[in-house]
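Trainee:
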Amino acid sequence: MKARVTVYPRREILDPQGKAIQGALSRIGFSEVREVRAGKSFEIDLGTDDAQSAGERLAQMCEKLLANTVVEEYRIELVNGAGA
Amino acid sequence: MKARVTVYPRREILDPQGKAIQGALSRIGFSEVREVRAGKSFEIDLGTDDAQSAGERLAQMCEKLLANTVVEEYRIELVNGAGA
Amino acid sequence: MKCGVVVFPGSNCDHDVYHVLKHVLDQEVVFLWHEDTSLKGCDLVVLPGGWSYGDYLRGGAMAALAPVLAAVRAHADKGGFVLGICNGFQVLTESHLLPGALRRNAGLRFECRDVWVRVERADLPFTRRYSEGQVIRMPIAHGEGNFEHFAGELDRLEAARQVVFRYVSPTGEIDPAWNFNGSARAIAGVCNEAGNVLGLMPHPERCAEEVLGNKDGLALFESLAQGAFGRLAGAAR
Amino acid sequence: MTTATQPRVDLPLARELGLSEDEYARLQGLLGRTPTLTELGITSALWSEHCSYKSSKVYLKEFPTSGPRVLQGPGENAGVVEVGHGWVAVFKMESHNHPSYIEPYQGAATGVGGILRDVFTMGARPVAMLDALRFGRLDAPRMRSLVDGVVRGIGDYGNCMGIPTVGGETGFHPSYDGNILVNAFALGIARRERIFKARAAGTGNPILYVGSRTGRDGIHGATMASDAFDAESEKKKPTVQVGDPFTEKVLLEACLEAMRTSAIVAIQDMGAAGLTSSVFEMAARGGVGFRLDLDRVPLREPGLTAYEMMLSESQERMVIVAKRGKQEEVARVFRRWGLEVATIGEVTSGSRAEIVHRGKVEASMPIAPLTDGAPVYQRPVAPPADLARRQEAPSVPEPGDPLGALEALLATPELASKEWIFRQYDHTVRTNTVAGPGGDAAVILLKGTPTGLALTSDVNPVYCFLDPRTGGRQAVAEAVRNLACAGAEPVGLTDCLNFGNPERPEIMWQFRECVRGMAEACRALGVPVVSGNVSLYNETEGRSIHPTPTVAMVGVVPDLGDMPASHFRRPGRRLVLLGTDRGEFGGSAYLRLLHGVEQGRPPAVDLDAEARLARLLRETVPWGIVRTAHDFAEGGLAVALAEATIGAGMGATLNVPLAPRDLFSESQARAIVAILPGQLERFLEAAERHGVPALEVGESGGDRLVIEADGARIDVEVARLREIWTNALPAALGL
Ligand SMILES: Nc1ncnc2c1ncn2[C@@H]1O[C@H](COP(=O)(O)OP(=O)(O)O)[C@@H](O)[C@H]1O
Ligand SMILES: [Mg+2]
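Protein chains in written order, with the numbering used here: chain W, -2 to 81; chain P, -2 to 81; chain L, 5 to 241; chain V, 2 to 736.
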């Protein structure tokens, strides 16, 4: 089973990277872009097919390592093993 | 309309970050993790509701700025304005 | 004072700290390996600068989970001295031994230069050889040193006097132009509530010898050495 | 890929891989049969320009390479020079031009990784780096992002390794619009008796593979580096290698630790042409054979063919010949650092390479004819047809407003401060940096001694273009002068000879002339060449770069206590102008950047005058009376004085006997020094004794730079110059 974890700076915290990208996009002609948020994405190949336990394990991984919850929030999406 | 762009190192190219994260996860007890790929995620708020033109513009943004296509590949997902 | 310098794979200021403690201040120093579970009786543990485990995720994130950190935590809980410099500071925030988080510099680039830092507290074992409000010059070299916390938490830190160093102008004023990495409230270093754990982004070990043209950082190590023996240990041997 | 789908080995394929018809015939002759695909790949890599130096070898022989301090000259992974107190300096420079143009971040990063491995493979701990960069015009396509990528790549790699980048140089010129140069220099130190060599020996000794796994990245990088650029190069994208500085850092620590076990016979990094060049070169140096079992090579993905494994340029890998029975001692060290170790073969008697994969002999070839016996060419040489026109004396307009001219020069990316770049490099880690980037030479402390090592990198490609012989002399002379300004005696140099397509006679002429000029200067100034690198085919769509023989020089400062700065630090110091101005403007910044003229003969290089100036500085610096010394380079006296005052915001007032225009002349062998007031006589006496023209011209002090020259006057606040000079580069980059 595969999963995708996305980690973003928390909403209430500044995102200088997102802002810089938005600025750069607008300078090269994409002025329609209203906002960019920049985060990280992880594709994780898990050795289990049990969605329930996978979800729990992934949450632990996020809390312990993948995200710094002081300033970041995370989202977990399970991807069907076959579909990935 | 919002979009999510995900940028990953191309498959055949070394992904030191993914490798390091997989190693760290395994050291702290998540040895079931077979592989981690590490990439970037951008949430982009576009000033248009036309999915067709949005898709084209986003592809241009990726080619020009968001991804370095020499070593990275990207994926674009449109998110319904209301749903995001 | 027996000092331990932790070596993570990827640490690269370990020898620099070792050098100052051992050859400039004549203290007893040992290296501690990231897999060690004992601190070998050290009074002071230093987490040095570098890129622990490559730091490809976030500075200090992986090192915070290393076996040696459990021992460091126990040492800190008992009131032992822990000093984190640069990457060491990141390890301490990631392991919640210190509050806050260190994010990418606001300018999104690595910065190496001298900065001016104001000593906000001179009553700590780390700072007693400085005076409160003293402005010192120290080198910095990092890409992720932008100190961040929620407004409420920042207020709490200020109230508890946990802010130890701030980036300032050469004349000591807080000024966005001199807060080169965009840290909240220009915070360059913080301690824990008990004052026995200190983390800072600037490198005191890089300005502790005359030949390098700046000795402003030496007093930090002297403060610790003096604390342990009630006098300057370097002079005692 | 299975054998069945492998391409047929024939001349067209050999050509595609970069071999000429003659070379292919030569290989067939050597083997007495048609080569296998693997053998063909190996040969094309070993006989590539990058690995074999086939076009340059005949001229490189002209360099002086020995001297009383030289322990190892060219031929090993890096040169080795004694620097006193039982220490040796180990250094080399390498180019990573083509990879950096294709992917600037990874190209520059892996360039740094490669040069560091060259140094620590010799048993030395890397302690300092320089980077010499040449970019095109900032408004050329992709150029701003190339600058950004290269600088980030160098920074991220070196910073993570914890090795300070203490200096370098950065130039901009249209000739690099389509072909930038990234030259990386690394210096390591070791105890004299602890140097390791890459010389395989001992029949039956195991060959170990350590470090990262092998992937398909960078296959045929050496061949790519030996090819000109065209639209086709785009297709070669998959050859991009990705650097992993963390793995390199642990590899460094593990190698240095393993070298203390006495279980290592020889060690070599896998650089260009990966496993092929490392194993063949080690065997060739030791005069032994080897057998490799490719089934044991650690792979990143399954299914690599023998061909791919032999030619992969995956980074952060080393090959070790261990003492038989002691390999476990070595392996333990690497495992402790979290690195993989595999025994992939052994040293054999005789002189052949046997490479086996999946039970099949993939290569069986003699070693020496492929390495030492690689083809050598004496390519046709001819001066360019338009040389006379290039060298025609240009007319030199008077500056109506000397201050305006100075400000305009300081505002060009060429002459502006490079702080935006070097602030992204950690230059204080290791706590040895006594003089970091921003001055003439960088100086690092040799811990535990009063001694310093001074480093500098120099070349003026415009001079080399106008007159390669003089340009070659000038690069060496300027480096010696930069070192002398720190009171350092040069002990050796390494170079990166970046040129266009050697198959063009005028390029080979440039090459020959530059090398001759360098060799003459090395002899006259007593500096041996101990290592170096040649990068040819720097050409895009038929347009060659300017000849760019980058020189990186290392010197010894006996006692750091007396070292002058390259800027004024205190008021009241007497300023003395050293050397003679001849009003020389050929190839000058003044003509090129302010008047768009790149023409004329470059300033003459009087090697004897250079030697005398250097001796004067080296004698007087230890007296402690020379508090500032700064040489004149691009932009002449005016720019040099601006730099000397900007450094610490300390002004100066001078009156010089020069025509206003000559404030910008680039005559060589000149410098400005600031002398302690009571010591002026003593200094002037020494200058006279050394035969160096010296003239007291003013003193330091105040916050303005005031220069009187034959009625004209520059009078400006130093702070204003500083602002122009520091903001110019970020502004030009659009930041
Ligand atoms: N790419 C770079 N990396 C590090 N330092 C650099 C770089 N480019 C220039 N510098 C530094 O900027 C200063 C000025 O460089 P340069 O003009 O080449 O000096 P000089 O004319 O004295 O040889 C030097 O100290 C040099 O080390
Ligand atoms: Mg120079």
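From the three backbone atoms N, C-alpha and C, an ideal C-beta is built for every residue, glycine too.
Under 7 Å from any heavy atom of ligand 1, does the C-beta of L134(V) make it?
Mentor: Yes; taking the cut-off as 7 Å, the Cβ of L134(V) has a heavy atom of ligand 1 nearer than that.
Trainee: Determine whether the beta carbon atoms of Q392(V) and V59(V) lie at a separation below 8 Å.
Mentor: Not a contact, by the Cβ cut-off of 8 Å.
Trainee: If you drop the 5 nearest sequence neighbours on each side, which residues of the same chain put their C-beta closer than 6 Å to that of G14(L)?
Mentor: Answer for G14(L): G54, W55, S56, Y57 and G58, listed in chain order.
Trainee: Could you tell me if S99(L) is buried or exposed, where buried requires 16 or more neighbouring beta carbons within 10 angstroms of its beta carbon?
Mentor: Flag for S99(L) reads buried.
Trainee: Going by C-alpha to C-alpha distance, which of G111(L), G176(L), V167(L) and S135(L) sits closest to G15(W)?
Mentor: Considering only alpha carbons, the answer is G111(L).
Trainee: Are there any heavy atoms of ligand 1 lying less than 7 Å away from the beta-carbon of G453(V), as far as the coordinates show?
Mentor: Checking every heavy atom of ligand 1 against the Cβ of G453(V), none is found closer than 7 Å.
Trainee: Excluding sequence positions up to five away, which residues of its chain have a Cβ less than 7 Å from the Cβ of A192(L)?
Mentor: Cβ neighbours of A192(L) beyond the five flanking positions: V121, F169, R170, Y171, L204, M205 and P206.
Trainee: Rounding to the nearest angstrom, what Cα-Cα distance links A436(V) and H631(V) in this structure?
Mentor: If I take the Cα positions, the gap works out to 13 Å.
Trainee: Helix, strand or coil for L537(V)? Go by DSSP, reduced to three states.
Mentor: Residue state, collapsed to three classes: coil.
Trainee: At a CB-CB cut-off below 8 Å, which residues of chain P make contact with D42(W)?
Mentor: Under the 8 Å cutoff, chain P gives V30, R31, E32 and V33.
Trainee: If you draw a straight line from the alpha carbon of V28(L) to that of A145(L), how long is it in whole angstroms?
Mentor: Going by the C-alpha atoms only, they are around 22 Å apart.
Trainee: Any heavy atom of ligand 1 closer than 7 Å to the CB of T429(V)?
Mentor: For ligand 1, not one heavy atom lies less than 7 Å from the Cβ of T429(V).
Trainee: Could you name the residues that DSSP lists as bridge partners for F169(L)?
Mentor: Answer by DSSP bridge pairing, in chain order: V123(L) and G193(L).
Trainee: Would you please verify whether the beta carbon of V68(P) is less than 8 Å from any beta carbon of chain V?
Mentor: Chain V, which has a Cβ nearer than 8 Å to the Cβ of V68(P), makes this yes.
Trainee: Going along chain V, which residues have a C-beta under 8 Å from Y57(L)?
Mentor: By Cβ distance, chain V contributes F247.
Trainee: Using only alpha-carbon positions, find the residue among G30(V), A285(V) and V606(V) that is nearest to R474(V).
Mentor: Of the candidates G30(V), A285(V) and V606(V), the one whose C-alpha sits nearest the C-alpha of R474(V) is V606(V).
Trainee: Just checking, does the segment 169 to 189 of chain V make contact with the segment 126 to 140 of chain V on the three C-beta pairs under 8 Å criterion?
Mentor: Yes, since at least three Cβ pairs between the segment 169 to 189 of chain V and the segment 126 to 140 of chain V fall closer than 8 Å, the two stretches touch.
Trainee: Whose CA, out of A163(L), R189(L), F85(L) and G8(L), lies closest to the CA of H153(L)?
Mentor: Nearest C-alpha to H153(L): R189(L).
Trainee: Closest to K37(W) by C-alpha separation, out of S50(P), K61(P), I18(P) and G52(P), would be which residue?
Mentor: Comparing Cα-Cα distances from K37(W) to each of S50(P), K61(P), I18(P) and G52(P), the minimum goes to I18(P).
Trainee: I155(V): buried (16+ other C-beta within 10 angstroms of its C-beta) or exposed?
Mentor: Looking at its Cβ environment, which holds 16 or more other Cβ atoms inside 10 Å, I155(V) is buried.
Trainee: Counting only beta-carbon separations shorter than 8 Å, does Q19(W) have a partner in chain L?
Mentor: So no, Q19(W) is outside the interface.
Trainee: What residues in the segment 134 to 157 of chain L bring their beta carbon closer than 8 Å to a beta carbon of chain V?
Mentor: Answer set for the segment 134 to 157 of chain L: P143, A145 and G147.
Trainee: When the Cα atoms are used, what is the spatial distance from P604(V) to G104(L)?
Mentor: If you take the alpha carbons of P604(V) and G104(L), they lie about 59 Å apart.
Trainee: Using the rule of at least 16 other Cβ atoms within 10 Å of the residue's Cβ for burial, across every protein chain shown, is Q49(W) buried or exposed?
Mentor: By the neighbour-count rule (16 or more Cβ atoms within 10 Å), Q49(W) is not buried but exposed.
Trainee: For K238(V), count neighbouring C-beta atoms within 10 Å of its own C-beta (all shown protein chains included) and say buried if the count is 16 or more, exposed if not.
Mentor: Reliability fails at K238(V), whose pLDDT of 46 lies under 50, so the model's placement of it is uncertain and the value that follows must be treated cautiously. K238(V) comes out exposed.
Trainee: Can you tell me which of the three DSSP states M319(V) falls into?
Mentor: Three-state result, M319(V): strand.
Trainee: Run the CB neighbour count on R9(V), radius 10 Å, all protein chains shown included, and call it buried at 16 or more, exposed below.
Mentor: Exposed is the call here.
Trainee: Buried or exposed: which applies to S53(V), given that a residue is buried once 16 or more other Cβ atoms fall within 10 Å of its Cβ?
Mentor: Burial call: buried.
Trainee: So S23(W) contacts chain P; which residues on that side make the cut at Cβ distance below 9 Å?
Mentor: The premise fails here: S23(W) is roughly 11 Å from chain P at the closest Cβ pair, so nothing lies under 9 Å.
Trainee: M94(V) lies in the beta strand (DSSP E); which residues open and close that run?
Mentor: Element bounds for M94(V): W88 to S96.
Trainee: I'd like the span of the alpha helix (DSSP H) that includes S146(V), first residue to last.
Mentor: Its alpha helix (DSSP H) spans residues M144 to M162.
Trainee: Compute every distance between the C-beta of F423(V) and the non-hydrogen atoms of ligand 1, then say whether any falls below 7 Å.
Mentor: F423(V) Cβ: within cutoff of ligand 1.
Trainee: Give the DSSP-derived three-state secondary structure of E667(V) in the structure shown.
Mentor: Residue state, collapsed to three classes: coil.
Trainee: Determine the burial state of L38(V): buried for a count of at least 16 other Cβ atoms within 10 Å of its Cβ, exposed for fewer.
Mentor: L38(V) comes out buried.
Trainee: My output table needs one value for T248(V): the three-state DSSP class, helix, strand or coil.
Mentor: Looking at T248(V) - three-state DSSP - the assignment turns out to be helix.
Trainee: Note down, in chain order, each residue of its chain lying with its Cβ closer than 7 Å to the Cβ of T621(V), except the 5 sequence neighbours on either side.
Mentor: Taken in chain order, the residues that qualify are V627, F684 and A687.
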